[in-house]
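**Q** Protein chains in written order, with the working numbering: chain A, 2 to 197; chain B, 2 to 197.
Even for Gly, the Cβ is constructed at its ideal location relative to N, Cα and C.
There are 2 protein chains.
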Amino acid sequence: MSEAHLAARRQQILDAARACFLRNGFHQTSMQDVIREARLSVGAVYRYFPSKNDLITALAEQVVGEVVAVFTALGAQDPPPPLAEVMQRAVDVITPETGPDGRFRLALHVWSESLRDPALAEFVAGIYGRLRTIVIALARRARDHGELPPDSDPEAVGVVLLGMMPGYALQRILTGGPEPDVFKAGLRTLLARPAG
Amino acid sequence: MSEAHLAARRQQILDAARACFLRNGFHQTSMQDVIREARLSVGAVYRYFPSKNDLITALAEQVVGEVVAVFTALGAQDPPPPLAEVMQRAVDVITPETGPDGRFRLALHVWSESLRDPALAEFVAGIYGRLRTIVIALARRARDHGELPPDSDPEAVGVVLLGMMPGYALQRILTGGPEPDVFKAGLRTLLARPAG
DNA sequence: GTGTCAAGAATGAACGCTCGTTTTACAATG
DNA sequence: CATTGTAAAACGAGCGTTCATTCTTGACAC
């Protein structure tokens with residue numbers, strides 16, 4: 002069998018699992034649910050993922066990995082745009098991911114599960130660390146370009162900026178709001194002022 | 002039987018459930034776990050909470066309700082302190098609640114569960130809405146006192162500020178950092194600058 | 001005080017069910 | 001012929017919940 006076929010089957014299972022987990026969370030989704038959604042047999046699924054936990058871990062890592070990839074690209078733009086602009090672009094990236102099938106919804110389940118699963122916790126912490134260095138680098142550049150006061154600490158500003166992103170996603174997911182434009186206006190107010 | 006006894010028993014069960022749910026999440030905690038932790042019998046627990054879901058809901062509402070009470074008090078200070086000061090006080094309030102027994106840890110499970118349980122989702126959304134009005138009022142006062150540009154939109158600034166709080170808690174829970182002082186320094190940089 | 005007794009509180013064995021997983025026998029594919 | 005997939009049954013374990021039973025409490029008669 003072609004290697005591509007195997008990868009495709011694997012992805013087919015992961016896609017089915019994602020749909021199920023989005024609906025009901027990890028532990029309220031049964032293997033039967035996933036198997037039915039994937040339109041496969043019991044044995045086929047267990048051939049690719051030896052246990053439910055492996056399925057959860059693989060999917061969580063894939064989804065969270067996709068998120069970090071997008072933000073890495075955002076932070077690596079050359080030449081680097083102004084800070085306020087990068088953050089507004091981030092909002093645009095996040096917004097659709099807070100929708101019914103969005104990846105940030107699954108992230109809620111991943112965060113919850115990572116409190117139970119040390120391996121998943123370590124993975125999530127690693128991802129967060131990478132995002133942290135990206136946004137701190139952004140803050141440093143912004144300071145050097147006069148967008149932030151010269152005596153400001155890039156790490157301090159960076160962690161605040163980083164906190165805004167899941168904060169925005171959470172609000173969207175849990176309440177449906179705010180509108181992206183409103184949030185972006187708030188960002189501009191706080192970020193686009195000339196350094197004191 | 003005294004009414005105080007009934008309330009105490011109820012709280013005893015809720016405390017046990019909180020400990021279990023913190024350890025293993027809602028659906029990986031069995032009723033037996035809660036019952037063992039509460040040092041009660043099956044029937045006793047079921048007398049106070051007719052189903053596991055009632056237990057989850059009651060606990061979630063209690064915990065989240067405590068959180069909103071604290072923040073309401075923070076926003077109602079008279080005379081209102083500067084914006085940067087209120088936010089830094091909020092950080093101080095949040096920080097211990099991100100520890101091993103902190104309420105924000107349970108909040109992760111509540112957020113996840115609220116994607117499944119519409120009743121819980123509505124409750125959480127309501128809480129978020131109340132916090133939103135508080136922080137928007139803060140932003141309006143800050144603007145009127147010259148802490149923010151006169152043309153800034155309180156709602157826009159408010160939702161950004163609101164997003165920072167769970168964002169900070171999430172970082173603390175998932176990665177152990179940042180230190181409160183670092184985050185507070187970042188807040189000062191972004192908030193304590195004179196209006197442009 | 002002391003004894004009585006119904007109502008309330010608490011017990012824990014037991015029930016029906018679903019779970020994740022394994023096994024079996026067999027068909028299709030490359 | 002080895003790999004991949006199917007279909008179905010079965011496994012033990014553990015789940016949430018029920019209920020017949022036992023214990024406890026406090027008001028009241030004496």
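1. Cβ of A:A186 within 8 Å of Cβ of A:V111?
2. Taking 8 Å as the CB-CB limit, is A:A157 close to chain B?
3. Residues in the same chain with beta-carbon distance under 6 Å from A:T134, minus the five sequence neighbours each way, listed in chain order, please.
4. On the three-pair Cβ rule with 8 Å, is the stretch 153 to 160 of chain B touching the stretch 135 to 147 of chain A?
5. Quick check on the DSSP output: what are the complete alpha helix (DSSP H) runs of length 4 or more inside the stretch 39 to 96 of chain A, in order along the chain?
6. Ignore the nearest five residues each way along the sequence and tell me which others in B:R104's own chain have a CB closer than 7 Å to its CB.
7. How big is the Cα-Cα spacing for B:T96 and B:F22?
8. In whole angstroms, what separates the C-alpha of A:L192 from that of B:R90?
9. Quick check on the burial criterion: 16 or more other C-beta atoms within 10 angstroms. Buried or exposed for B:E156?
10. Taking C-beta to C-beta, are B:V43 and B:I14 nearer than 8 Å?
11. Find the nearest neighbour of B:L109 within the set B:Q172, B:K53, B:T73, judged by alpha-carbon distance.
12. What is the C-beta distance between A:D190 and B:P150, in whole angstroms, given that I count them as a contact (C-beta under 8 Å)?
13. Do you know offhand how far B:E114's Cα is from A:G164's?
14. In the DSSP assignment, find the alpha helix (DSSP H) that holds B:S113 and state where it starts and stops.
15. Give the straight-line distance between the Cα atoms of B:L84 and B:A77, rounded to the nearest whole angstrom.
16. Using a cut-off of 7 Å between C-beta atoms, extract the partners of B:V161 located in chain A.
17. Spell out whether any CB of chain A is found under 8 Å from the CB atom of B:P151.
18. Could you list the residues in the stretch 34 to 60 of chain A with a C-beta less than 8 Å from some C-beta on chain B, going in chain order?
19. Can you name, in chain order, every residue of its own chain whose Cβ lies under 6 Å from the Cβ of B:M88, other than the five neighbours on each side?
20. Whole angstroms are fine: how far does the CA of B:F50 sit from the CA of A:E38?
21. What does the alpha-carbon distance come out to for the pair A:I174 and A:P181?
22. Look at the alpha carbon of B:G26 and the alpha carbon of A:A122, and state the distance between them as a whole number of angstroms.
23. From which residue to which residue does the alpha helix (DSSP H) around B:L149 run?
24. Going by Cα to Cα distance, which pick from A:A17, A:D118, A:G127 is closest to A:N54?
25. Return the chain-ordered list of same chain residues with a C-beta closer than 6 Å to the C-beta of A:R11, the five sequence neighbours on each side being excluded.
26. Can you list the residues of chain B that A:R106 reaches, using a CB-CB cut of under 7 Å?
27. Between A:S3 and chain B, is any beta-carbon pair separated by less than 8 Å?
28. Would the beta-carbon of A:T58 fall within 8 Å of that of A:A120?
29. Would you mind telling me which residues of chain B sit closer than 7 Å to A:L109, beta carbon to beta carbon, in chain order?
30. Please classify A:S153 as buried or exposed, where buried requires at least 16 other C-beta atoms within 10 Å of its C-beta.
31. Buried or exposed for B:G127, going by 16 or more other Cβ atoms inside 10 Å?
32. Just to confirm before moving on: does the CB-CB distance between A:L132 and A:F184 stay below 8 Å?
**A** Considering the structure as presented:
1. In this structure, A:V111 does not lie closer than 8 Å to A:A186 by Cβ.
2. Yes, A:A157 counts as interfacial toward chain B.
3. Excluding sequence neighbours, A:T134 sits near nothing in its chain.
4. No: the two stretches stay apart, fewer than three of their Cβ pairs being nearer than 8 Å.
5. List check, alpha helix (DSSP H) in window: 43 to 49, 53 to 76.
6. Excluding positions up to five away in sequence, the list reads V64, E67, V68, E98.
7. Taking the straight line joining both Cα atoms gives about 20 Å.
8. Rounded to the nearest angstrom, the two C-alpha atoms are 22 Å apart.
9. So B:E156 ends up on the buried side.
10. Cβ atoms of B:V43 and B:I14: not closer than 8 Å.
11. Among B:Q172, B:K53, B:T73, the Cα nearest to that of B:L109 belongs to B:Q172.
12. Strictly speaking, residue 190 of chain A in this sequence is Thr, with Asp absent from that position. Taking C-beta atoms under 8 Å as the contact rule, A:T190 and B:P150 qualify, at a distance of about 6 Å.
13. Near 22 Å, if we compare the C-alpha coordinates of A:G164 and B:E114.
14. Residues 104 to 115.
15. The alpha-carbon atoms of B:L84 and B:A77 are separated by roughly 13 Å.
16. Within chain A, M165, F184, G187, L188, L191 have C-beta atoms less than 7 Å from the C-beta of B:V161, given in sequence order.
17. It does not; no Cβ of chain A falls within 8 Å.
18. Listed by position, the residues of the stretch 34 to 60 of chain A near chain B (Cβ gap below 8 Å) amount to none.
19. The residues are L188.
20. Taking the straight line joining both Cα atoms gives about 34 Å.
21. So the two alpha carbons sit approximately 13 Å from each other.
22. So the alpha carbons of these two residues sit roughly 14 Å apart.
23. Per DSSP, B:L149 belongs to no alpha helix (DSSP H) and is neither H nor E.
24. Looking at the Cα atoms, A:D118 is the closest of the given residues.
25. Y49.
26. Under the 7 Å cutoff, chain B gives L116.
27. So no, A:S3 is outside the interface.
28. Pairing A:T58 with A:A120 gives a Cβ-Cβ distance under 8 Å.
29. Under the 7 Å cutoff, chain B gives W112, S113, L116.
30. So A:S153 ends up on the buried side.
31. Exposed, because fewer than 16 other Cβ atoms sit within 10 Å of the Cβ of B:G127.
32. Contact: no.
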